[in-house]
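Asks:
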Amino acid sequence: MGFLEDIQIENLPIPYTAVATDIITEKEVWINSGSLFEAIRASISLPLFFSPVPYGEAILIDGGVLNPVPIAPTFNDDTDITIAVNLGGAPLKSTPEESFSLGTSSNFDKIQQQIKNFLQKNNITSSTESAKKLSMYEVADRAFDTMQSTIARQKIAAYPPDIEIEIPRNACGTLEFDKAAEMISYGYQKTVETYNNFNETMA
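When you line the sequence shown up against this note's numbering, it's residues 478 to 680, in that order.
This is how it looks when you write it as structure tokens:
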């Protein structure tokens, strides 16, 4: 069945809020009650990769469209510190091909070939070999990452957390689910490093 049981959010031992974006009202939607699966599904509905989720009169997509680092939902929590995980951190050094990797082949090969034929017929070419190698998904994914990274910096500047764990935005491709164990380990290491740095700063 997976890692999680589909239970009501209200019954979780730790308060939970999923953040999604309503494309009808163009506003954030905070989901802190009802089906856990439905809330998670709505909050990860990345445009072009997952279909939007109907939610009452709203149509929800990934909350990162408006807020990649949603700190505001924690304001009313009775906690000592706020820890934010920023997935839009500075990219790791890599080749252009690695930077744009999604971990899966494009489903638009046929459409891409038609577009390439049209461009070649009209003598329209890309300026670099790297640009020529990008699929539609990869361009959309890269554009979304760029947008999220910029918004994340603005949100963190406006609502700074006590501790920020920064993950390079190209550490893992959007669809590289096979890297789950690797990324969990990487996240653990970054958390320990950030925590140690925080303690040194507070000492």
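Just so it is clear, CB atoms sit at the ideal spot from N, CA and C, and this is done for glycine as well.
Please name the residue in F675, A567, Y636 whose C-alpha comes closest to that of P645.
Replies: By 1-based counting over the sequence shown, the position of residue 645 is 168. Checked all of F675, A567, Y636; the closest Cα to P645 is A567.
Asks: In the region 609 to 675, which residue ranges form an unbroken alpha helix (DSSP H) of at least 4 residues, counting only runs that do not cross its ends?
Replies: The qualifying runs are 613 to 635.
Asks: For V496 versus P547, is the C-beta spacing smaller than 8 Å?
Replies: Numbered from its first residue, the sequence shown carries residue 496 at position 19. Numbered from its first residue, the sequence shown carries residue 547 at position 70. It is a contact, given that the beta carbons lie within the stated cut-off.
Asks: Any idea if S582 is buried or exposed, counting beta-carbon neighbours within 10 angstroms, 16 or more meaning buried?
Replies: For this step, residue 582 is matched to residue 105 along the sequence shown. In this predicted model, S582 has a pLDDT of only 43, less than 50, meaning its place in the structure is not dependable; the value taken from the coordinates is given anyway. Exposed.
Asks: Which residues does DSSP list as the beta-bridge partners of N566?
Replies: Here the question's residue 566 lines up with position 89 in the sequence shown. The question names Asn, yet the displayed sequence has Gly at residue 566. Answer is P645, bridged to G566.
Asks: Helix, strand or coil: how does DSSP classify I500 here?
Replies: Locating residue 500 in the sequence shown gives position 23, counting from the first residue. I500 falls in the coil class under three-state DSSP.
Asks: State the beta-bridge partners of V542 as determined by DSSP.
Replies: Along the sequence shown, one-based indexing puts residue 542 at 65. Beta-bridge pairing links V542 to no other residue.
Asks: Mapping the DSSP letters down to three states, classify I508 as helix, strand or coil.
Replies: Against the sequence shown, residue 508 aligns to sequence position 31. Looking at I508 - three-state DSSP - the assignment turns out to be strand.
Asks: So, at 8 Å on beta carbons, what are the nonlocal neighbours of Q485 in its own chain, with the 5 sequence-adjacent residues on each side left out?
Replies: Counting from 1 along the sequence shown, the entry for residue 485 is found at position 8. Only S510, G511, S512, L513 meet the Cβ criterion.
Asks: Should the region 615 to 630 be called in touch with the region 526 to 546, which here means at least 3 C-beta pairs below 8 Å?
Replies: The region 615 to 630 vs the region 526 to 546: in contact.
Asks: Could you check what DSSP says for L513 in three-state terms: helix, strand or coil?
Replies: As a working mapping, residue 513 is identified with position 36 in the sequence shown. Correct three-state label for L513: helix.
Asks: For V542, collect the residues of the same chain with a Cβ closer than 6 Å to its Cβ; drop the 5 residues on either side in sequence, then sort them by chain order.
Replies: Within the sequence shown, residue 542 is the residue found at index 65, counting from 1. Cβ within range, chain order: T498.
Asks: Kindly list the residues whose CB is nearer than 6 Å to the CB of L564, restricted to its own chain and excluding five residues on each side of it in sequence; keep chain order.
Replies: Looking up residue 564 in the sequence shown gives position 87. If we look at L564 and ignore the five residues flanking it on each side, its Cβ neighbours are I644.
Asks: According to DSSP, which residues form a beta bridge with Y532?
Replies: Position 55 of the sequence shown, counting from 1, holds the residue named residue 532. Per DSSP, A535.
Asks: What is the DSSP secondary structure of I560, counted as helix, strand or coil?
Replies: To locate residue 560, count along the sequence shown from 1; it is residue 83. Here I560 sits in strand by DSSP.
Asks: Measure the Cβ-Cβ separation of D639 and T551 and say whether it is below 8 Å.
Replies: Sequence index remark: in the sequence shown, residue 639 carries index 162 (1-based). Sequence index remark: in the sequence shown, residue 551 carries index 74 (1-based). For D639 and T551, no; Cβs fall outside 8 Å.
Asks: What does the alpha-carbon distance come out to for the pair T556 and P492?
Replies: The sequence position of residue 556 within the sequence shown is 79, counting from 1. The sequence position of residue 492 within the sequence shown is 15, counting from 1. The alpha-carbon atoms of T556 and P492 are separated by roughly 11 Å.
Asks: So which of A634, D622, Y672, P637 has the shortest CA-CA distance to A648?
Replies: By 1-based counting over the sequence shown, the position of residue 648 is 171. Cα-wise, what sits closest to A648 is D622.
Asks: Can you tell which of Q625, F526, E482, E515 has its C-alpha closest to the C-alpha of E615?
Replies: Translated into positions along the sequence shown, residue 615 becomes position 138. Of Q625, F526, E482, E515, the residue nearest in Cα terms is F526.
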